[in-house]
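As structure tokens, the structure follows; a few thoughts come after it.
Have a look at this one:
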């Protein structure tokens, strides 16, 4: 079988042709633009048009034979060969990752990182299990393969899938001598033919270093609290020639994650904005311009679920799930996130602001020099997150905001795991300050506010605070800071209690939304602030006054509340009734 006769090549051709299966009625373009770009790259190599890379046809033939002796353990195709059950995207993944090599050295694979973004029920775990079995048979002797996921149970799913394939394949695990070629134990699987070993790892924020994986898998990468697992595995591959890292996930309902950073990077590579020939990425997500049409445009499902294009039963199941999500708002998050690869941000009636609109307000730098600013503080409980924000008017009538978070230093690891946010990175990037051991050091926060004038060159007009947790700090700010102990003397600053009730917070909350929607907000890159906004939902009282609450118990919104307190003072002093002496009416 030549490359052009192979199912991988045929699938890539169908992708570029935009061929729609008969059972997918109403679909115009069944594959997203980034998958089409990756398929075009594969066709170019397979057609012999690339001067640097080619297909290793000997390895392709070997892989094809191995897939014919593997058997499907379960599902609609149980008992048939893996070769006959493999769908198009799996062929493209197998052949691209394992058979695209350097022309000058056909033992040297091109791709070192393989990214697969795909929805649930598209056989992604089975795909990786198959790749791992192939690599255990094909990699050099004594190779090490590892998998890691947000928890140990997820990591061991690949191990279970490998076991099931082996146990269902008599040629690989003969019934009369089951350990002839492979040995399966509780904590690892080894191949006796090549002395290779696969180990599923329990997730850790600090104990994944020191390993040398020839191949690793990070499964459900979108749910990782930070990038440590990926970086630790990649660091262990520095001295390995034919290294490979597989990073696989569906979407998760948060835009700020290590996986989303990887997807963003891969899109830039596919768009030609970055030069990285070692990355292979199949990003099965709907094109951005049709994501809002999920309820009416079936292409949203088609572009996210490649297996559904070949298995009618999956397509029918997706149609039923979509109808349920239309009829039942509580089912939308799971459907959109897990079955359409769309980051769900809540119902329209509870969404605070759209995260993409907020990110559009990011600027490279803000010149605070000489600006009059109003500070908002959210001190919360002493053992929880706190935040300080300040806001001021720019010459172009935009509103600039700056936010700083504070957390107990002794709870960094705990909060990172619970909230699934990389606080170490936030501290490194200057978005957050760790102070105190198990409780926040209020003295550090108080001095941070006193030092704003010197650090940013601003004039602090007022400080808005919540009476519940900040009375002591407010008194200190009013009284000023005496000099000594390496600190300069600071005069007192007027403090204003901002009543934490919807009748008070409605106007600044509405202002925040309007500033974002109109592009009149300005802030410098701050992931902690963006995640807090993503965690926030808009709630209305009986008088239709809006206020902010949390979407989930572990999600933090303290940065948002601090900004709203600062906006309240800015609005009262600088934005309402500029002419003086009149009345102001805000409606809606």
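Residue numbers (the working numbering): 1202 to 1789. Every residue, glycine too, gets a C-beta built ideally from N, C-alpha and C.
Collapsed DSSP secondary structure at residue i in the structure displayed
i: residue 1463; result: helix
i: residue 1317; result: strand
i: residue 1643; result: helix
i: residue 1524; result: helix
i: residue 1256; result: strand
i: residue 1440; result: coil
i: residue 1724; result: strand
i: residue 1576; result: strand
i: residue 1384; result: strand
i: residue 1714; result: helix
i: residue 1509; result: helix
i: residue 1392; result: strand
i: residue 1234; result: helix
i: residue 1204; result: helix
i: residue 1790; result: Because the chain in this structure spans residues 1202 to 1789, residue 1790 falls outside the shown range and cannot be described.
i: residue 1563; result: strand
i: residue 1272; result: strand
i: residue 1210; result: helix
i: residue 1250; result: coil
i: residue 1493; result: helix
i: residue 1220; result: coil
i: residue 1719; result: helix
i: residue 1148; result: Summary: the structure shown does not reach residue 1148, with the chain confined to residues 1202 through 1789, and so no result is reported for it.
i: residue 1756; result: coil
i: residue 1783; result: Low confidence applies to residue 1783: its pLDDT is 42, below 50, so where it sits in the model is not reliable, and the reading given next is rough at best. Three-state result, residue 1783: coil.
i: residue 1569; result: coil
i: residue 1731; result: helix
i: residue 1264; result: helix
Residue i - containing beta strand (DSSP E), residue span
i: residue 1417; result: 1416-1420
i: residue 1401; result: 1397-1401
i: residue 1449; result: 1445-1450
i: residue 1738; result: 1737-1741
i: residue 1474; result: From DSSP, residue 1474 is part of no beta strand (DSSP E); its letter is neither H nor E.
i: residue 1346; result: 1345-1349
Residue environment, residue i, which counts as buried when at least 16 other CB atoms sit within 10 Å
i: residue 1416; result: buried
i: residue 1762; result: buried
i: residue 1745; result: exposed
i: residue 1549; result: Because the pLDDT at residue 1549 is just 45, under 50, the model does not fix this residue reliably, and the point stays unresolved.
i: residue 1766; result: buried
i: residue 1738; result: buried
i: residue 1792; result: Look at the range of the chain in this structure, 1202 to 1789, and you will see that residue 1792 is not part of it.
i: residue 1393; result: exposed
i: residue 1677; result: buried
i: residue 1376; result: exposed
i: residue 1781; result: Note that residue 1781 has pLDDT 43, beneath the 50 cutoff, so the model's placement of it is unreliable and no number is given.
i: residue 1436; result: exposed
i: residue 1464; result: buried
i: residue 1399; result: buried
i: residue 1333; result: buried
i: residue 1523; result: buried
i: residue 1644; result: exposed
i: residue 1621; result: buried
i: residue 1343; result: exposed
i: residue 1420; result: buried
i: residue 1269; result: exposed
i: residue 1564; result: exposed
Unbroken alpha helix (DSSP H) run spanning residue i, endpoints
i: residue 1767; result: 1759-1771
i: residue 1360; result: 1353-1368
i: residue 1751; result: That residue, residue 1751, is in no alpha helix (DSSP H); its beta strand (DSSP E) goes 1747-1751.
i: residue 1536; result: 1533-1541
i: residue 1373; result: Note, residue 1373: premise wrong, no alpha helix (DSSP H); not H, not E.
i: residue 1557; result: 1556-1560
Check whether the region 1360-1371 and the region 1274-1287 touch, using three or more Cβ-Cβ pairs below 8 Å as the test. The answer is yes - the region 1274-1287 touches the region 1360-1371, with three or more Cβ pairs under 8 Å.
Ignoring anything shorter than 3 residues, give me the beta strand (DSSP E) runs that lie fully in the region 1274-1327, in order along the chain. You should have 1301-1303, 1306-1310 and 1314-1318.
Within the region 1668-1702, note down every full alpha helix (DSSP H) run reaching 4 residues or more, in order along the chain. 1668-1680
Quick check: the region 1292-1311 against the region 1241-1259, are at least 3 beta-carbon pairs closer than 8 Å? Contact annotation: the region 1241-1259 touches the region 1292-1311, with at least three C-beta pairs closer than 8 Å.
Fully enclosed by the region 1580-1665, which alpha helix (DSSP H) runs are 4 residues long or longer? 1613-1620, 1624-1629, 1643-1651 and 1653-1657
Three or more beta-carbon pairs under 8 Å between the region 1568-1579 and the region 1654-1668, yes or no? yes
If you pair each beta-carbon of the region 1418-1431 with each one of the region 1330-1350, do three or more pairs fall below 8 Å? yes
Quick one: any contact between the region 1215-1231 and the region 1505-1519, if contact means 3 or more CB pairs under 8 Å? yes
Are the region 1497-1505 and the region 1468-1476 touching by the rule of at least three beta carbon pairs closer than 8 Å? The answer is no - the region 1468-1476 does not touch the region 1497-1505, with fewer than three Cβ pairs under 8 Å.
Contact between the region 1307-1324 and the region 1446-1454: three or more CB pairs below 8 Å? Two segments are said to touch when three or more pairs of C-beta atoms, one from each, lie closer than 8 Å; by this definition the region 1307-1324 touches the region 1446-1454.
Hey, is the region 1667-1677 in contact with the region 1577-1597, meaning 3+ C-beta pairs nearer than 8 Å? yes
Does the structure place the region 1673-1692 close enough to the region 1648-1657 that three or more beta carbon pairs sit under 8 Å? Yes, they touch.
Does the region 1604-1622 come into contact with the region 1728-1735, if we say contact requires no fewer than three beta-carbon pairs (one atom in each stretch) closer than 8 Å? yes
Is it the case that the region 1235-1243 contacts the region 1478-1491, given that we only count it when at least three CB pairs across the two stretches are under 8 Å? yes
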